[in-house]
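See below:
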């Protein structure tokens, strides 16, 4: 299964994410999930960023919260709503919002 | 300050609770906070129960979730809404809901 | 006997935070206290008239009417929060008032105790 | 071109989850897809007519009307969830339908992709 | 003529939000979805409780007595009565130290014949894999 | 004749819920509360951001451009313009590795003179101690 996971919050995301198994797992940071792309706690990057090599963050949700697209973890690709539509239709068989 | 804290959820309660300083700190478990009185995770009791010797849990919220008042951690006293009114008016100068 | 001001904020209908607040009000009034009740954010929905009672939702209108009848209970909804949700004055349940947010602060000013139910 | 069904559940008015869902619908429709939109729980409030636009709340009515006008957007609110909140049929924003929950499942049945926005 | 499988995955605690309640009412709505579908088409729901969501499955919930609302217990029993597949994650049940007799495993008291199943997360993952759509609550 | 102090303590993230927005709008409502009070009575609000709540205080929030809603930044600046006391928890700012120039420390661009203060949690605790009522958001 190719699974796209929209991560929508900053806390309590690990428990679900750590257990999902997929041939291809995409992590798309949206809403308060975008804090994972930028905020370090105690100097450490979010463990969410280790869960997959396919990492995205919604540009508009970054900007809303005060982050520039150029100023996030280099592994995370900033995407638009247009890009998100393409990810949903073309890259992943199923998508979930957690 | 005598401070009564109504703990209303199961997750993310530690950060605030651990830092509050009060001459008398009361912890009143309500809503999904009552899981702290009963649920052990990995065999361990909730760390919330270590924060104060003054521990209460709302009986109706325990019952709603499937717990008997007699079947919770022995340090926690089950109380009614009537008791809660008295705690608010007589035991604590200020109360907060977290 | 004292006055308790309870503010309920962005609590969901379908959560039990509003039920909690109403039950606490009832218990306080039975003990001789007065209660001021403020709803803001999504909690404003408690003040909407014509909510149909389903078994999956607690129906609080009857209980609220009993509390109003005691004369020791005032309830006010945030006017802007209600309008933003498409509730007009005429959509408000009997007994409720609508005011701006300063009403809540004034109620807290004269309250012996305040229980502010914020968060989700 | 495919069909996307978006379900928004207990999301708060005043959160941006509803805004997210509407913007995603718009982007999908611009790319030639069809979108079915279902609101349940507190998200039902999106379908309420007469919401006043304040700067503190995103006003989505105009955007929704544009989406309806494309002919590739259907939106339906959970009937029981609306009634429980005191919304009658006549309180529903133009363009919206009201149905029971099986409508959502049927829409998912024929959808190529489903994005279900659950939780708070 | 097709049957499509939807996985309703519940990870939320009950009562604080409507999420788990809406998962159950929507899963049960699969019983009436045929009115919208072609002859022979159908929806097969699977309900899976994971993480904190397994606490929805505790017995003896008195929500009707305390707050006048249907308990999640009643909804889960209704699901079993209607022969929905109900899965409860074994690892999470064990993590919380919950014994099987504390869980809603059947709906015998209302005439149900189907039982809930405590299964490893890997089994739930397989159900998700074979589902057409995933709905997380 | 009395002034009562209320502490508005924000521990919630912005935008996901209305909590932090409502904290600011209610704190600002202290400017008009006098119409309900006796002559000489007043409310003195203190705004304190702790835990995840300090992330409300990041600069450059583009919520108006992206979603057409007032940003929390704008609300915080309005509070400073009205000379409200705004405290940001030092330990939490440090935990997140946020530098002072990334925070909303003033409202000079809209003519405000009052500055926000980054203070130790113990200072915020003192404010709570000396407040008549505590409102956690």
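Chains as they are written, first to last, in the working numbering: chain W, 1 to 98; chain Z, 99 to 196; chain B, 197 to 316; chain S, 317 to 436; chain E, 437 to 573; chain F, 574 to 710.
The beta carbon of each residue, even a glycine, is placed where N, CA and C say it ideally should be.
Contact between residue 426 of chain S and residue 642 of chain F does not hold, since their C-beta atoms are separated by about 34 angstroms, which reaches or exceeds 8 angstroms.
Listed in chain order, the beta strand (DSSP E) runs fully inside the region 217 to 293 of chain B are 230 to 235 and 269 to 274, counting runs of at least 3 residues. At least 8 angstroms separates the CB of residue 283 of chain B from every CB of chain F. Closer than 8 angstroms to the CB of residue 422 of chain S there is at least one CB belonging to chain E.
With distances taken between CA atoms, residue 680 of chain F lies nearest to F/655 out of F/668, F/700, F/662 and F/655. For residue 329 of chain S, the chain B residues whose C-beta falls within less than 7 angstroms of its own C-beta are 238 and 281, listed in chain order. Chain B has a Cβ within less than 8 angstroms of the Cβ of residue 504 of chain E. For residue 91 of chain W, the secondary structure class from DSSP, reduced to helix, strand or coil, is helix. Listed along chain F are 640, each with a C-beta nearer than 7 angstroms to that of residue 335 of chain S. Per DSSP, residue 36 of chain W lies in no alpha helix (DSSP H) segment and is marked neither H nor E.
Between the alpha carbons of residue 408 of chain S and residue 319 of chain S lies a distance of about 25 angstroms. At a beta-carbon threshold of 7 angstroms, none of the residues of chain Z lie near residue 543 of chain E; the nearest stands roughly 16 angstroms away. In this model, residue 246 of chain B and residue 402 of chain S are separated by some 5 angstroms (Cα to Cα). For the region 168 to 186 of chain Z, the beta-carbon criterion of a distance under 8 angstroms to any beta-carbon of chain B is satisfied by 178, 179, 180, 182, 183, 184 and 186. If you draw a straight line from the Cα of residue 155 of chain Z to the Cα of residue 502 of chain E, it is about 15 angstroms long. Rounded to the nearest angstrom, the Cβ distance from residue 362 of chain S to residue 351 of chain S is 14 angstroms, too far for a contact under 8 angstroms.
Residues of chain E whose Cβ lies closer than 8 angstroms to the Cβ of residue 129 of chain Z are, in chain order, 451 and 452. Taken through DSSP and simplified to helix, strand or coil, residue 552 of chain E comes out as coil.
For secondary structure counted as the beta strand (DSSP E) over 3 or more consecutive residues, the region 13 to 89 of chain W holds these complete runs in sequence order: 24 to 29, 54 to 58 and 76 to 79. At a cut-off of 8 angstroms between C-beta atoms, residue 95 of chain W counts as an interface residue with respect to chain S. Within the DSSP secondary-structure output, residue 618 of chain F pairs in a beta bridge with F/579. Cα atoms of residue 675 of chain F and residue 632 of chain F: separation of roughly 6 angstroms, rounded to the nearest angstrom. Residue environment: residue 488 of chain E is assigned as buried (16 or more neighbouring CB atoms within 10 Å of its CB, all protein chains considered). Measuring C-alpha to C-alpha distances from residue 604 of chain F to each of F/671, F/658 and F/672 identifies F/658 as the nearest. Using a C-beta cut-off of 8 angstroms, the region 29 to 47 of chain W makes no contact with the region 120 to 129 of chain Z, since fewer than three inter-stretch Cβ pairs fall below that distance. Distance check between residue 513 of chain E and each of E/475, E/549 and E/534 places E/549 closest, using alpha-carbon atoms only.
Of the candidates F/577, F/579, F/596 and F/576, the residue whose Cα lies closest to the Cα of residue 206 of chain B is F/596. The beta-carbon of residue 634 of chain F is placed less than 8 angstroms from the nearest beta-carbon of chain W.
Annotation: Cβ neighbours of residue 430 of chain S in chain E (cutoff 9 angstroms, chain order): 442, 568, 569, 570 and 571.
Using a CB distance cut-off of 8 angstroms, residue 21 of chain W counts as an interface residue toward chain E.
Boundaries for residue 605 of chain F: no alpha helix (DSSP H) harbours it, and the DSSP string shows neither H nor E there. The three-state reading of DSSP puts residue 489 of chain E in helix, counting H, G and I together.
For the pair residue 439 of chain E and residue 579 of chain F, the Cα-to-Cα distance works out to about 59 angstroms. Rounded to whole angstroms, the separation of the alpha carbons of residue 481 of chain E and residue 445 of chain E is 10 angstroms.
Among the CB atoms of chain Z, none fall inside 8 angstroms of the CB of residue 477 of chain E. In the three-state scheme derived from DSSP, where H, G and I count as helix and E and B as strand, residue 456 of chain E is classed as helix.
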